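These notes are about the structure you will find just below.
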Amino acid sequence: MKGLLNRTPALGRPLITIIFLWLALVSFSVHAVQVPDLVKSKHPAPKLTAETWVLMDFNTGWILAEKNSDKRIEPASLSKLMTAYVVFHEIRKGTLQLDDLAHISEKAWRTGGSRMFVQVNTKVPVKDLLMGLIVQSGNDAAVALAEHVAGSEEGFAALMNQYARALNLGNTNFSNAAGLPDPNHYSSARDVSLIAAAIIREFPEYYNWYSTKEYTYNNIKQHNRNLLLWRDASVDGVKTGHTSTAGYCLVGSAKRDDMRLIATVTGTASAKQRAKEVHALLKHGFSSYESKRVFGQDSAIAQIKVFKGGQDRLPLGSAGPVYVIVPRGQADSLKASLDVPQFTVAPIPVGHALGIAKIDYNGNPLMEVPLVALAEVPQGTWWQSAIDTVLLWFE
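Residues 94 to 488, numbered by the numbering used here, are exactly what the sequence shown covers, in order.
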(Lines of atoms letter the chains of each structure in order from A and count residues from 1; the text may use other names and numbers.)
(Lines give C-alpha, C1' and ligand atoms only; values in the text may rest on other atoms or scores of the structure.)
Protein backbone atom coordinates (compact mmCIF):
# COMPACT_ATOMS: atom_id res chain seq x y z
CA MET A 1 0.00 0.00 0.00
CA LYS A 2 3.03 2.24 -0.41
CA GLY A 3 1.95 5.65 -1.61
CA LEU A 4 -1.52 5.29 -0.05
CA LEU A 5 -0.44 6.00 3.52
CA ASN A 6 -1.42 9.04 5.49
CA ARG A 7 0.36 9.61 8.77
CA THR A 8 -1.48 11.02 11.79
CA PRO A 9 0.75 11.47 14.86
CA ALA A 10 -0.73 10.51 18.21
CA LEU A 11 0.54 10.78 21.77
CA GLY A 12 -0.88 7.52 23.04
CA ARG A 13 -3.55 4.83 22.77
CA PRO A 14 -4.76 1.85 24.86
CA LEU A 15 -2.49 -0.76 23.31
CA ILE A 16 -4.28 -3.77 24.80
CA THR A 17 -7.36 -2.90 22.74
CA ILE A 18 -5.22 -2.69 19.62
CA ILE A 19 -3.63 -6.06 20.26
CA PHE A 20 -7.02 -7.70 20.60
CA LEU A 21 -8.11 -6.09 17.34
CA TRP A 22 -5.06 -7.64 15.69
CA LEU A 23 -5.86 -11.08 17.07
CA ALA A 24 -9.50 -10.87 16.03
CA LEU A 25 -9.03 -9.48 12.54
CA VAL A 26 -5.70 -10.72 11.25
CA SER A 27 -4.94 -14.09 12.85
CA PHE A 28 -7.21 -16.99 12.05
CA SER A 29 -5.27 -19.70 13.83
CA VAL A 30 -7.81 -19.09 16.60
CA HIS A 31 -11.00 -17.94 14.90
CA ALA A 32 -12.62 -17.94 11.50
CA VAL A 33 -14.95 -14.95 11.24
CA GLN A 34 -17.48 -13.82 8.69
CA VAL A 35 -16.22 -11.55 5.93
CA PRO A 36 -17.13 -7.95 6.90
CA ASP A 37 -20.33 -6.77 5.24
CA LEU A 38 -18.39 -3.77 3.92
CA VAL A 39 -16.40 -5.98 1.52
CA LYS A 40 -18.85 -8.83 0.97
CA SER A 41 -19.29 -9.64 -2.69
CA LYS A 42 -22.74 -9.23 -4.21
CA HIS A 43 -22.25 -12.38 -6.30
CA PRO A 44 -24.40 -15.19 -4.85
CA ALA A 45 -22.72 -18.38 -3.72
CA PRO A 46 -23.42 -21.51 -5.81
CA LYS A 47 -26.34 -23.74 -4.87
CA LEU A 48 -25.03 -26.97 -3.39
CA THR A 49 -26.49 -30.28 -2.26
CA ALA A 50 -24.00 -30.68 0.61
CA GLU A 51 -25.50 -30.80 4.09
CA THR A 52 -22.87 -28.41 5.42
CA TRP A 53 -20.24 -26.36 3.64
CA VAL A 54 -17.91 -23.42 4.04
CA LEU A 55 -15.61 -21.29 1.89
CA MET A 56 -12.74 -19.65 3.77
CA ASP A 57 -9.99 -17.26 2.77
CA PHE A 58 -6.72 -18.61 4.12
CA ASN A 59 -4.83 -15.36 4.70
CA THR A 60 -7.53 -13.54 6.66
CA GLY A 61 -9.59 -16.41 8.02
CA TRP A 62 -12.71 -14.66 6.69
CA ILE A 63 -15.65 -16.91 5.85
CA LEU A 64 -16.77 -15.90 2.36
CA ALA A 65 -19.82 -18.20 2.23
CA GLU A 66 -21.25 -21.01 4.32
CA LYS A 67 -24.19 -23.18 5.21
CA ASN A 68 -24.48 -24.88 8.60
CA SER A 69 -20.69 -24.63 8.95
CA ASP A 70 -20.86 -25.08 12.74
CA LYS A 71 -23.28 -28.00 12.66
CA ARG A 72 -21.90 -31.16 14.24
CA ILE A 73 -20.95 -33.71 11.60
CA GLU A 74 -19.28 -37.10 11.36
CA PRO A 75 -15.89 -36.14 9.87
CA ALA A 76 -14.94 -39.63 8.66
CA SER A 77 -11.45 -39.58 7.12
CA LEU A 78 -11.25 -35.79 7.37
CA SER A 79 -10.20 -36.71 10.91
CA LYS A 80 -6.86 -37.75 9.46
CA LEU A 81 -6.04 -34.07 9.01
CA MET A 82 -5.70 -33.85 12.79
CA THR A 83 -3.90 -37.20 12.91
CA ALA A 84 -1.25 -35.83 10.56
CA TYR A 85 -1.16 -32.47 12.38
CA VAL A 86 -0.29 -34.19 15.65
CA VAL A 87 2.42 -36.30 13.98
CA PHE A 88 3.90 -33.22 12.28
CA HIS A 89 4.17 -31.53 15.67
CA GLU A 90 5.94 -34.55 17.15
CA ILE A 91 8.44 -34.46 14.30
CA ARG A 92 9.04 -30.74 14.83
CA LYS A 93 9.57 -31.28 18.56
CA GLY A 94 12.18 -33.92 17.80
CA THR A 95 10.36 -36.76 19.55
CA LEU A 96 9.76 -38.46 16.20
CA GLN A 97 11.76 -38.88 12.99
CA LEU A 98 10.52 -39.62 9.49
CA ASP A 99 12.78 -42.65 9.28
CA ASP A 100 11.68 -44.08 12.65
CA LEU A 101 10.26 -47.59 12.30
CA ALA A 102 6.75 -48.10 13.65
CA HIS A 103 5.60 -51.58 14.72
CA ILE A 104 2.41 -52.73 13.01
CA SER A 105 0.13 -54.24 15.62
CA GLU A 106 -2.65 -56.70 14.94
CA LYS A 107 -5.14 -53.93 15.73
CA ALA A 108 -3.66 -51.67 13.05
CA TRP A 109 -3.49 -54.54 10.56
CA ARG A 110 -7.14 -55.53 11.17
CA THR A 111 -8.56 -52.00 10.98
CA GLY A 112 -11.19 -52.00 8.24
CA GLY A 113 -12.12 -49.44 5.63
CA SER A 114 -9.58 -47.77 3.37
CA ARG A 115 -6.09 -49.22 3.88
CA MET A 116 -2.49 -48.93 2.73
CA PHE A 117 -2.09 -52.70 3.37
CA VAL A 118 0.66 -52.81 5.98
CA GLN A 119 1.48 -56.28 7.30
CA VAL A 120 1.11 -57.34 10.94
CA ASN A 121 4.31 -57.55 13.03
CA THR A 122 6.37 -55.65 10.48
CA LYS A 123 8.09 -52.29 10.95
CA VAL A 124 7.23 -49.42 8.62
CA PRO A 125 8.98 -46.01 8.39
CA VAL A 126 6.93 -43.11 9.71
CA LYS A 127 7.20 -41.33 6.35
CA ASP A 128 5.62 -44.29 4.54
CA LEU A 129 2.80 -44.34 7.08
CA LEU A 130 2.24 -40.62 6.58
CA MET A 131 2.06 -41.06 2.82
CA GLY A 132 -0.33 -43.94 3.32
CA LEU A 133 -2.41 -41.73 5.61
CA ILE A 134 -2.41 -38.67 3.34
CA VAL A 135 -2.56 -40.15 -0.16
CA GLN A 136 -4.17 -43.56 0.37
CA SER A 137 -6.28 -42.53 3.40
CA GLY A 138 -5.18 -45.69 5.17
CA ASN A 139 -7.03 -46.43 8.39
CA ASP A 140 -4.31 -48.95 9.21
CA ALA A 141 -1.69 -46.20 8.80
CA ALA A 142 -3.64 -43.93 11.15
CA VAL A 143 -3.78 -46.56 13.89
CA ALA A 144 -0.12 -47.49 13.45
CA LEU A 145 0.95 -43.85 13.74
CA ALA A 146 -1.26 -43.32 16.77
CA GLU A 147 0.17 -46.33 18.56
CA HIS A 148 3.74 -45.36 17.68
CA VAL A 149 3.33 -41.79 18.94
CA ALA A 150 1.21 -42.32 22.05
CA GLY A 151 1.37 -46.03 22.82
CA SER A 152 -2.33 -46.50 22.14
CA GLU A 153 -5.00 -45.06 19.88
CA GLU A 154 -6.88 -43.85 22.96
CA GLY A 155 -3.84 -41.92 24.16
CA PHE A 156 -3.36 -40.45 20.70
CA ALA A 157 -7.01 -39.33 20.59
CA ALA A 158 -6.35 -37.41 23.79
CA LEU A 159 -3.50 -35.64 22.01
CA MET A 160 -5.78 -34.87 19.08
CA ASN A 161 -8.24 -33.24 21.46
CA GLN A 162 -5.49 -31.20 23.11
CA TYR A 163 -4.55 -29.75 19.74
CA ALA A 164 -8.24 -29.21 18.93
CA ARG A 165 -8.55 -27.09 22.05
CA ALA A 166 -5.35 -25.20 21.18
CA LEU A 167 -6.91 -24.33 17.81
CA ASN A 168 -10.17 -23.31 19.52
CA LEU A 169 -12.21 -25.90 17.65
CA GLY A 170 -15.43 -25.57 19.60
CA ASN A 171 -17.40 -28.24 17.73
CA THR A 172 -14.81 -31.01 17.64
CA ASN A 173 -13.98 -34.11 19.65
CA PHE A 174 -11.95 -37.12 18.55
CA SER A 175 -12.15 -40.69 19.85
CA ASN A 176 -9.94 -42.39 17.24
CA ALA A 177 -7.21 -41.58 14.73
CA ALA A 178 -8.84 -42.93 11.57
CA GLY A 179 -12.25 -41.25 11.70
CA LEU A 180 -14.29 -44.41 12.23
CA PRO A 181 -17.88 -43.77 13.36
CA ASP A 182 -18.33 -43.16 17.08
CA PRO A 183 -20.90 -41.05 18.98
CA ASN A 184 -18.06 -39.14 20.66
CA HIS A 185 -16.19 -38.50 17.41
CA TYR A 186 -17.45 -35.36 15.69
CA SER A 187 -16.44 -32.05 14.13
CA SER A 188 -17.85 -29.35 11.80
CA ALA A 189 -17.11 -27.99 8.35
CA ARG A 190 -15.59 -24.87 9.86
CA ASP A 191 -13.40 -26.81 12.29
CA VAL A 192 -11.95 -29.22 9.74
CA SER A 193 -11.23 -26.22 7.50
CA LEU A 194 -9.28 -24.66 10.36
CA ILE A 195 -7.26 -27.86 10.83
CA ALA A 196 -6.38 -27.82 7.13
CA ALA A 197 -5.42 -24.15 7.42
CA ALA A 198 -3.17 -24.93 10.39
CA ILE A 199 -1.34 -27.62 8.42
CA ILE A 200 -0.84 -25.28 5.44
CA ARG A 201 0.36 -22.44 7.65
CA GLU A 202 2.54 -24.33 10.12
CA PHE A 203 3.91 -27.21 8.05
CA PRO A 204 4.46 -26.11 4.43
CA GLU A 205 7.31 -28.61 4.17
CA TYR A 206 4.79 -31.45 4.59
CA TYR A 207 1.71 -29.88 3.04
CA ASN A 208 3.01 -30.55 -0.49
CA TRP A 209 2.41 -34.27 0.18
CA TYR A 210 -1.32 -33.57 -0.03
CA SER A 211 -0.97 -32.89 -3.76
CA THR A 212 0.59 -36.32 -4.41
CA LYS A 213 -1.65 -38.05 -6.93
CA GLU A 214 -0.63 -41.65 -6.26
CA TYR A 215 1.45 -43.72 -3.87
CA THR A 216 2.64 -47.29 -3.97
CA TYR A 217 3.22 -49.41 -0.89
CA ASN A 218 3.65 -53.17 -0.72
CA ASN A 219 3.47 -53.18 -4.53
CA ILE A 220 -0.06 -51.79 -4.37
CA LYS A 221 -0.59 -48.48 -6.18
CA GLN A 222 -3.47 -46.31 -4.99
CA HIS A 223 -4.60 -42.96 -6.30
CA ASN A 224 -5.41 -39.92 -4.22
CA ARG A 225 -9.19 -39.73 -3.88
CA ASN A 226 -9.19 -35.94 -4.30
CA LEU A 227 -10.37 -35.75 -7.91
CA LEU A 228 -9.67 -32.00 -8.10
CA LEU A 229 -5.93 -32.68 -8.24
CA TRP A 230 -6.53 -33.81 -11.83
CA ARG A 231 -9.03 -31.08 -12.75
CA ASP A 232 -7.49 -27.83 -11.57
CA ALA A 233 -3.76 -27.06 -11.44
CA SER A 234 -4.30 -24.50 -8.68
CA VAL A 235 -5.69 -27.18 -6.33
CA ASP A 236 -2.96 -28.66 -4.11
CA GLY A 237 -4.95 -30.52 -1.42
CA VAL A 238 -6.42 -31.46 0.92
CA LYS A 239 -8.41 -34.52 2.13
CA THR A 240 -11.43 -36.69 1.35
CA GLY A 241 -13.70 -38.59 3.69
CA HIS A 242 -16.55 -41.07 3.43
CA THR A 243 -18.64 -43.45 5.47
CA SER A 244 -22.16 -44.68 4.85
CA THR A 245 -23.46 -42.39 7.59
CA ALA A 246 -21.25 -39.34 6.90
CA GLY A 247 -21.72 -39.34 3.13
CA TYR A 248 -18.96 -38.04 0.88
CA CYS A 249 -16.88 -35.18 2.29
CA LEU A 250 -13.98 -33.13 0.96
CA VAL A 251 -11.72 -30.33 2.12
CA GLY A 252 -10.11 -28.71 -0.91
CA SER A 253 -7.59 -25.89 -1.15
CA ALA A 254 -6.32 -23.91 -4.11
CA LYS A 255 -3.91 -21.01 -4.53
CA ARG A 256 -3.90 -18.44 -7.30
CA ASP A 257 -1.33 -15.65 -7.07
CA ASP A 258 -1.36 -14.45 -3.42
CA MET A 259 -4.86 -15.77 -2.72
CA ARG A 260 -5.50 -19.17 -1.15
CA LEU A 261 -8.99 -20.51 -0.49
CA ILE A 262 -10.15 -23.50 1.53
CA ALA A 263 -13.53 -25.07 0.70
CA THR A 264 -15.20 -27.87 2.63
CA VAL A 265 -18.35 -29.83 1.85
CA THR A 266 -19.85 -32.67 3.88
CA GLY A 267 -22.70 -35.10 3.35
CA THR A 268 -22.79 -35.22 -0.44
CA ALA A 269 -24.04 -38.23 -2.41
CA SER A 270 -20.90 -39.29 -4.29
CA ALA A 271 -17.18 -38.74 -4.80
CA LYS A 272 -17.92 -36.87 -8.03
CA GLN A 273 -20.47 -34.64 -6.33
CA ARG A 274 -18.16 -33.63 -3.47
CA ALA A 275 -15.45 -32.70 -5.99
CA LYS A 276 -17.92 -30.77 -8.14
CA GLU A 277 -19.24 -28.76 -5.21
CA VAL A 278 -15.86 -27.93 -3.70
CA HIS A 279 -14.70 -26.82 -7.15
CA ALA A 280 -17.80 -24.64 -7.50
CA LEU A 281 -17.01 -22.95 -4.18
CA LEU A 282 -13.39 -22.35 -5.12
CA LYS A 283 -14.34 -20.88 -8.50
CA HIS A 284 -16.91 -18.65 -6.80
CA GLY A 285 -14.31 -17.36 -4.37
CA PHE A 286 -11.67 -16.60 -6.98
CA SER A 287 -14.13 -14.94 -9.36
CA SER A 288 -15.87 -12.86 -6.68
CA TYR A 289 -12.95 -11.71 -4.52
CA GLU A 290 -9.33 -10.71 -4.70
CA SER A 291 -6.69 -10.73 -1.99
CA LYS A 292 -4.56 -7.68 -1.26
CA ARG A 293 -1.44 -7.76 0.86
CA VAL A 294 -1.55 -4.46 2.70
CA PHE A 295 1.69 -4.86 4.65
CA GLY A 296 4.54 -7.34 4.46
CA GLN A 297 6.22 -9.01 7.40
CA ASP A 298 9.06 -7.09 9.07
CA SER A 299 8.80 -4.27 6.51
CA ALA A 300 9.24 -0.79 7.92
CA ILE A 301 6.08 1.26 7.48
CA ALA A 302 7.10 4.27 9.58
CA GLN A 303 9.95 5.57 11.70
CA ILE A 304 9.66 7.55 14.92
CA LYS A 305 12.16 9.50 16.99
CA VAL A 306 13.69 7.84 20.05
CA PHE A 307 15.01 9.64 23.11
CA LYS A 308 17.54 8.25 25.62
CA GLY A 309 18.46 5.37 23.32
CA GLY A 310 21.44 3.89 21.55
CA GLN A 311 19.88 5.07 18.28
CA ASP A 312 17.62 7.99 17.55
CA ARG A 313 15.19 6.41 15.05
CA LEU A 314 12.96 3.32 15.41
CA PRO A 315 11.35 1.47 12.46
CA LEU A 316 7.73 0.38 12.95
CA GLY A 317 5.85 -2.29 11.03
CA SER A 318 3.27 -5.06 11.35
CA ALA A 319 4.16 -8.20 13.30
CA GLY A 320 3.25 -10.34 10.29
CA PRO A 321 1.93 -9.98 6.76
CA VAL A 322 -1.50 -8.35 6.62
CA TYR A 323 -4.04 -9.25 3.95
CA VAL A 324 -7.56 -8.11 3.22
CA ILE A 325 -10.19 -9.50 0.87
CA VAL A 326 -12.25 -7.19 -1.33
CA PRO A 327 -14.67 -7.71 -4.20
CA ARG A 328 -12.74 -8.43 -7.39
CA GLY A 329 -11.58 -5.26 -9.11
CA GLN A 330 -11.95 -3.09 -6.02
CA ALA A 331 -8.43 -3.19 -4.52
CA ASP A 332 -7.88 0.46 -5.44
CA SER A 333 -10.63 1.35 -2.96
CA LEU A 334 -8.34 0.41 -0.07
CA LYS A 335 -6.50 3.19 1.75
CA ALA A 336 -4.18 3.00 4.74
CA SER A 337 -3.27 5.67 7.27
CA LEU A 338 -0.96 5.62 10.28
CA ASP A 339 -1.66 6.73 13.82
CA VAL A 340 1.72 6.70 15.59
CA PRO A 341 3.34 8.62 18.46
CA GLN A 342 5.68 11.50 17.62
CA PHE A 343 8.42 9.94 19.74
CA THR A 344 9.20 7.25 22.29
CA VAL A 345 11.74 6.73 25.07
CA ALA A 346 14.30 3.89 25.23
CA PRO A 347 14.69 1.09 26.08
CA ILE A 348 12.31 -0.43 23.50
CA PRO A 349 12.10 -4.22 22.98
CA VAL A 350 11.42 -5.80 19.60
CA GLY A 351 7.67 -6.30 19.12
CA HIS A 352 6.63 -3.46 21.43
CA ALA A 353 3.36 -1.94 20.13
CA LEU A 354 3.65 1.72 19.19
CA GLY A 355 0.66 2.83 17.14
CA ILE A 356 -1.75 1.49 14.59
CA ALA A 357 -2.39 1.36 10.88
CA LYS A 358 -5.98 2.02 9.85
CA ILE A 359 -7.34 0.33 6.72
CA ASP A 360 -10.33 1.95 5.02
CA TYR A 361 -12.45 0.67 2.15
CA ASN A 362 -14.31 3.28 0.08
CA GLY A 363 -13.71 5.73 2.91
CA ASN A 364 -15.18 3.46 5.58
CA PRO A 365 -13.14 1.86 8.41
CA LEU A 366 -12.38 -1.79 7.66
CA MET A 367 -9.72 -2.88 10.14
CA GLU A 368 -6.92 -1.70 12.41
CA VAL A 369 -3.49 -3.29 12.69
CA PRO A 370 -1.02 -2.65 15.52
CA LEU A 371 2.42 -1.40 14.56
CA VAL A 372 5.34 -2.81 16.53
CA ALA A 373 9.01 -2.06 16.95
CA LEU A 374 10.99 -3.94 14.31
CA ALA A 375 14.30 -3.42 16.14
CA GLU A 376 15.48 -3.26 19.72
CA VAL A 377 16.61 0.10 21.03
CA PRO A 378 18.75 -0.31 24.16
CA GLN A 379 19.21 2.32 26.81
CA GLY A 380 21.73 4.95 25.70
CA THR A 381 24.74 6.24 27.63
CA TRP A 382 24.23 8.34 30.76
CA TRP A 383 25.36 11.35 28.75
CA GLN A 384 22.78 10.71 26.01
CA SER A 385 20.08 10.24 28.64
CA ALA A 386 21.02 13.49 30.31
CA ILE A 387 20.91 15.44 27.05
CA ASP A 388 17.60 13.89 25.99
CA THR A 389 16.06 14.58 29.39
CA VAL A 390 16.57 18.27 28.67
CA LEU A 391 15.36 17.96 25.07
CA LEU A 392 12.16 16.24 26.23
CA TRP A 393 11.21 19.42 28.11
CA PHE A 394 10.65 21.05 24.74
CA GLU A 395 8.54 18.26 23.22
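C-beta: ideal position from N, C-alpha, C; glycine also. These figures come from a predicted structure and were not determined experimentally.
Report back the beta-carbon spacing between residue 230 and residue 170 to the nearest angstrom; my notes put them in contact at under 8 Å. In this structure, residue 230 and residue 170 form a Cβ contact; the two beta carbons are roughly 5 Å apart against a cut-off of 8 Å.
Is residue 162 closer than 8 Å to residue 381 when the C-beta atoms are compared? No. Outside cutoff.
Taking only the alpha-carbon atoms, compute the straight-line gap between residue 455 and residue 469 and give it to the nearest angstrom. Using only the alpha carbons, I get a separation of about 36 Å.
Span of the alpha helix (DSSP H) holding residue 174? Segment 173-186, the alpha helix (DSSP H) holding residue 174.
Those runs of the beta strand (DSSP E) which lie wholly inside the stretch 202-228 and span at least 3 residues: Taking only runs of at least 3 residues, the beta strand (DSSP E) segments lying wholly in the stretch 202-228 are 216-218.
Closer than 8 Å by C-beta to residue 426: which residues in its own chain qualify, once you throw out the five before and the five after it? Chain order, please. Once the five neighbours on either side are set aside, the close Cβ partners of residue 426 are 419, 454 and 455.
How would you call residue 484, buried or exposed, if buried means at least 16 neighbouring beta carbons within 10 angstroms? By the neighbour-count rule (16 or more Cβ atoms within 10 Å), residue 484 is not buried but exposed.
Helix, strand or coil at residue 436 [DSSP, three-state]: In this structure, residue 436 counts as strand in the three-state DSSP scheme.
Backbone CA spacing between residue 125 and residue 148 [nearest angstrom]: If I take the Cα positions, the gap works out to 11 Å.
Put residue 483 into one of helix, strand or coil per three-state DSSP. In this structure, residue 483 counts as helix in the three-state DSSP scheme.
Starting from the Cα of residue 474, find the closest Cα among 362, 403 and 355 and give me that residue. The residue from 362, 403 and 355 with its alpha-carbon nearest to that of residue 474 is 403.
Mapping DSSP to helix, strand and coil, what is residue 95? Per-residue confidence for residue 95 stands at a pLDDT of 46, beneath the threshold of 50, marking its modelled position as unreliable; no derived number is given.
Verify whether the separation of the beta carbon atoms of residue 336 and residue 318 is less than 8 Å. It is not a contact, given that the beta carbons lie outside the stated cut-off.
Output yes or no for whether 8 Å exceeds the beta carbon distance between residue 424 and residue 383. In this structure, residue 424 sits near residue 383, with a CB-CB distance shorter than 8 Å.
I think residue 464 touches residue 433, with their Cβ atoms under 8 Å apart; what is that distance to the nearest whole Å? Yes, they are in contact, since the Cβ atoms of residue 464 and residue 433 sit about 6 Å apart, within 8 Å.
Whole-number beta carbon distance between residue 293 and residue 151, since they are thought to touch under 8 Å: Confirmed, about 7 Å.
Got a sec? Which residues, its chain only, sit under 7 Å from residue 188 by beta carbon, not counting five neighbours each side? Within the same chain, residue 188 has no close Cβ partners at all.
Over the uninterrupted beta strand (DSSP E) stretch that includes residue 384, give me the two end residues. Taken as a continuous stretch (DSSP letters only), the beta strand (DSSP E) holding residue 384 covers 382-388.
Proximity to residue 159 [Cα-Cα], best of 284, 448 and 310: Residue 159 has its Cα closest to that of 284, out of 284, 448 and 310.
Find out if the Cβ-Cβ distance for the pair residue 142, residue 370 is shorter than 8 Å. Yes, Cβ-Cβ distance for residue 142 and residue 370 is below 8 Å.
Residue 352 beta carbon less than 8 Å from that of residue 388: The criterion of a C-beta distance shorter than 8 Å is not satisfied by residue 388 and residue 352.
Helix or strand or just coil, what does DSSP make of residue 130? In the structure shown, the three-state DSSP call for residue 130 is helix.
Selected residue, minimal CA-CA separation from residue 350, among 193, 328, 194 and 344: The residue from 193, 328, 194 and 344 with its alpha-carbon nearest to that of residue 350 is 328.
Using the three-state DSSP reduction, which class does residue 331 fall into: helix, strand or coil? Annotated three-state conformation of residue 331 is strand, per DSSP.
State the start and end residues of the unbroken beta strand (DSSP E) segment that holds residue 400. Element bounds for residue 400: 395-400.
Decide if residue 437 is buried, meaning its Cβ has at least 16 other Cβ atoms within 10 Å, or exposed. Burial call: buried.
Please tell me whether residue 466 has its Cβ less than 8 Å away from any Cβ of chain C. Here there is only one protein chain, and chain C is not present.
I'd like to know whether the C-beta atoms of residue 302 and residue 175 end up nearer to each other than 8 Å. Annotated as distal: residue 302 and residue 175, with beta-carbon spacing of 8 Å or more.
So, are the CB atoms of residue 44 and residue 359 less than 8 Å apart? Here the chain covers residues 94 to 488 and nothing more, so residue 44 does not appear.
So what's residue 425 in DSSP terms, helix, strand or just coil? The three-state secondary structure of residue 425, taken from DSSP, is helix.
Buried or exposed for residue 233, please, with buried defined as at least 16 other CB atoms from any protein chain shown within 10 angstroms of its CB. Residue environment analysis places residue 233 among the buried positions, since at least 16 neighbouring C-beta atoms fall within 10 angstroms of its C-beta.
Would the stretch 306-326 count as touching the stretch 267-281 if we require 3 or more Cβ pairs under 8 Å? No, the stretch 306-326 does not touch the stretch 267-281.
Limits of the unbroken alpha helix (DSSP H) element including residue 297: Residue 297 -> alpha helix (DSSP H) spans 297-300.
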